[in-house]
Structures are given as structure tokens and as C-alpha cells.
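Chemist: Chains as they are written, first to last, in the numbering used here: chain A, 1 to 181; chain B, 182 to 352. My structure is below; once you've seen it, I'll send some questions.
Structure follows, in C-alpha cells:
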């Protein structure tokens, strides 16, 4: 934990993560980075990348993990709760309003068709993001092999996710030991 | 007890979400369809609604909870999706700080990255199969994916475009 003079207050963290959550259309990461690194200078670029990579390879929603870890670093458990609640308060209220509208009007033909187009666009958004994230791994035979292997286990053979990870992780670790100097 | 069923399902998803929530989407959809909470196209539509809201894509859990058990279901599902993984992250982040330069840490990272890539592509293929019931929907998916990859167009604009084409093209 940082020394007292550098610790953020609960209110400061709540405000920062509240704004990040509220602006985070289509992914909170770029907004969180802008607030934490560029605007408020709570972390350097390298510190941010370091903490975020941890949150990425631990399970769970990456950015929520990030808020929890960041909050805990400054104010312990209550800090983790403050940052997490700040991040999610606005999005949860907004999605509940949208969800209630969907439950009420989702069967109207015009809404139904609009949602069909929306779902198609949302799957395109995920495809584009997946290709961006997988991109570097697709360029080397060993990592490309693992990408294809995990895809086949999960999407083609339809194995349950825990089994997919139990099979793919040892293989990938074995290859990574040789790759990483 | 429906709330308990929601909590158990999303707590499991929370701990399975390696690389983020998106990689659990197929497993989540299989589970909610098997329990007759939603059909696959309803799941795809709810995911579209979740993506149209600001915030992380774990909001799909909030919406499934809302659909199954109202506001209390929404809050229970959201909390269950967050609590296990956040607790784990807080515990591990102390250790992570200590082993910043360790060799094994880079090996683990190098091993996880391609698996995450494969899981995310699987999630995308699942959503595409659920959402794209004809060539027009498939074309929307393809164009949005290209814009996401090659441009800096705001994601909300792409979603709105898809919804508009849906309304105009079918209605």
C-alpha cells in the first residue's frame, strides 16, 4: 500500500471509476486508462499495463478486477468495494432500464427487427475485438496452434470450459517454457 | 430457489472467465438455454442490449438475472459474477507485485494469451451463429467486425447502425 500522503480517498476513487464506467461504451478499458493514467496520473503507463495484465489473465471481468485491485491497493477492502461500486453503479442502472424496455417491448415487430440488427452488430464487435486480441498470437506457428487448439476444443468439440482450460493450459505452458527466454 | 441457482451459475462463470467475460458467453448461453431461462436468439438479443449500455460486458449477467427473477435476480447475478473473481484478484495482486520480474510470470502470461485468443474467437463464432439467421445479419456482423478492426468509429455508432439497418431492412 502506498504511503498515506499518496493514498487516494474513497471519494476520489469513486468519482474516477464512476466516470470511467459511465463513459465506457463498447469497453471500459480505454476510458479507465485515460482517467487513471492521463487525466489523474494515479498510475504511470507501465504500472497500468502491469496491473491490467494481471487482471486479464485472472478470471472475471477484467476491468472490474482492475478496479478491485486498484481500490484495495489504496484503501484495503473498503477501497476495493468503493472502486468496484463506483465503476458499476451507472452501467447497472442504465442496463436495467434498457432491459426493462426490452422485456416490455421486445416482441413488437419493429423492436424485434431492430434487436436482430443490434445482435448482429454486437457479434461483429466481439469478432473484431477477438481478432485484435488474438492478432499477435496468430503470427507465430506455436501460438497460432494454441489459438486453433483452444477454438476447436471449445467451439467445435463443445467441451465444457473447465475441461478446455484443463487440456489447453498444460500444452500451452509446455510450449511457452521453450519460447520465453 | 431461483436466486440461489443464479448465484451458483454466475459465481462459476466468474471463476471460469479467463481473459474476460466474453470467453464464457458460449458456456453461459448453453447453461441458460438448458435451464429454459432463455432461447439462444433471446440470449443474442440480450447480449446486444448489454453491449448498448456503457460498462463492462458482464452486464449480460445483470440482464439474465433481470429476465429470470426481476431486480433482485439482476443484483444477485451481478454480484455473483463479480465477487469470486475480484476477491481472487485482490489476493493475487499482492503476490503479482512481488514477482514483477520473475521468469515464471512471463511464461504463464505467454501461455495464457493464445488460449484467451482462441476462447474469444469461439465466443464470437457462437454469437454469430446465434445472431446471424440470414445473409443480411451476416453482412452487418462482417462490416462491424471490419470497422472495429480497421477504424476508430465509436462502438455505439456501429451498434446503432446495425439496429437501424435491422429496422429498415425488415420492417
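Ideal placement from N, C-alpha and C gives every residue a C-beta, glycine not left out.
Does the region 188 to 201 of chain B come within contact of the region 55 to 62 of chain A, defined as at least 3 CB pairs closer than 8 angstroms?
Modeler: Verdict: yes, contact present.
Chemist: Give the residues of chain B in contact with residue 163 of chain A, contact being defined as C-beta atoms less than 9 angstroms apart.
Modeler: As a working note, residue 163 of chain A is residue 163 in the first chain. Under the 9 angstroms cutoff, chain B gives no residues; its nearest Cβ is about 11 angstroms from residue 163 of chain A.
Chemist: If you drop the 5 nearest sequence neighbours on each side, which residues of the same chain put their C-beta closer than 7 angstroms to that of residue 258 of chain B?
Modeler: By one-based count along the second chain, residue 258 of chain B stands at place 77. Taken in chain order, the residues that qualify are 187, 191, 242, 243, 245 and 246.
Chemist: In three-state DSSP terms, what is residue 352 of chain B?
Modeler: The residue given as residue 352 of chain B occupies position 171 in the second chain. Note that residue 352 of chain B scores a pLDDT of 42, beneath 50, so its modelled location is shaky; the value from the coordinates is reported in the next line. It is coil, neither helix nor strand.
Chemist: Suppose you measure from the CA of residue 313 of chain B to the CA of residue 96 of chain A; what does that come to, to the nearest Å?
Modeler: Taking the second chain and counting its residues from 1, one reaches residue 313 of chain B at position 132. Taking the first chain and counting its residues from 1, one reaches residue 96 of chain A at position 96. Their backbone Cα atoms lie some 25 angstroms apart in a straight line.
Chemist: Please name the residue in A:133, A:158 and A:20 whose C-alpha comes closest to that of residue 38 of chain A.
Modeler: As a first step, residue 38 of chain A must be located in the first chain, where it is residue number 38. Comparing Cα positions, the closest option is A:20.
Chemist: Can you list, in chain order, the residues of the region 101 to 118 of chain A whose Cβ is nearer than 9 angstroms to any Cβ on chain B?
Modeler: Result list: 101, 102, 103, 106, 109, 110, 111, 112, 113, 114, 115, 116, 117 and 118.
Chemist: Within 10 angstroms of the Cβ of residue 218 of chain B, are there 16 or more other Cβ atoms? Answer buried if so, exposed if not.
Modeler: As a first step, residue 218 of chain B must be located in the second chain, where it is residue number 37. Residue 218 of chain B comes out buried.
Chemist: Nearer than 6 angstroms: is that true of the beta carbon of residue 64 of chain A relative to any heavy atom of the ligand GTP?
Modeler: Among the components modelled here there is no ligand, and therefore nothing to report on the ligand GTP.
Chemist: For residue 228 of chain B, which residues from the same chain have a beta carbon less than 6 angstroms from its beta carbon, with the 5 sequence-adjacent residues on both sides left out?
Modeler: Indexing the second chain from 1 puts residue 228 of chain B at position 47. Hits under 6 angstroms: 241.
Chemist: Let me see if you follow: with CB-CB separation under 7 angstroms, is residue 301 of chain B close to chain A or not?
Modeler: Translated into the one-based positions of the second chain, residue 301 of chain B becomes position 120. Yes, because at least one Cβ of chain A sits closer than 7 angstroms to the Cβ of residue 301 of chain B.
Chemist: Could you work out which residues of chain A lie near residue 248 of chain B, taking near to mean beta carbons separated by less than 8 angstroms?
Modeler: Residue mapping note: residue 248 of chain B aligns to position 67 of the second chain, counting from 1. Here the neighbours are 99 and 103.
Chemist: Which whole-angstrom value is the C-beta distance of residue 234 of chain B and residue 91 of chain A, which I expect to be below 8 angstroms?
Modeler: To locate residue 234 of chain B, count along the second chain from 1; it is residue 53. To locate residue 91 of chain A, count along the first chain from 1; it is residue 91. Confirmed, about 6 angstroms.
Chemist: Applying the criterion that 16 or more other CB atoms from any shown protein chain within 10 Å of the CB defines a buried residue, is residue 139 of chain A buried or exposed?
Modeler: Start at 1 with the first residue of the first chain, and residue 139 of chain A comes out as number 139. Its Cβ having fewer than 16 others within 10 Å, residue 139 of chain A is exposed.
Chemist: So with CB distances below 8 angstroms, who are the chain A contacts of residue 281 of chain B?
Modeler: By 1-based counting over the second chain, the position of residue 281 of chain B is 100. Residues of chain A passing the Cβ test: 50.
Chemist: Can you list, in chain order, the residues of its chain with a C-beta nearer than 8 angstroms to that of residue 350 of chain B? Leave out the 5 residues immediately preceding and following it.
Modeler: Counting from one through the second chain, the residue named residue 350 of chain B turns up at place 169. Hits under 8 angstroms: 317.
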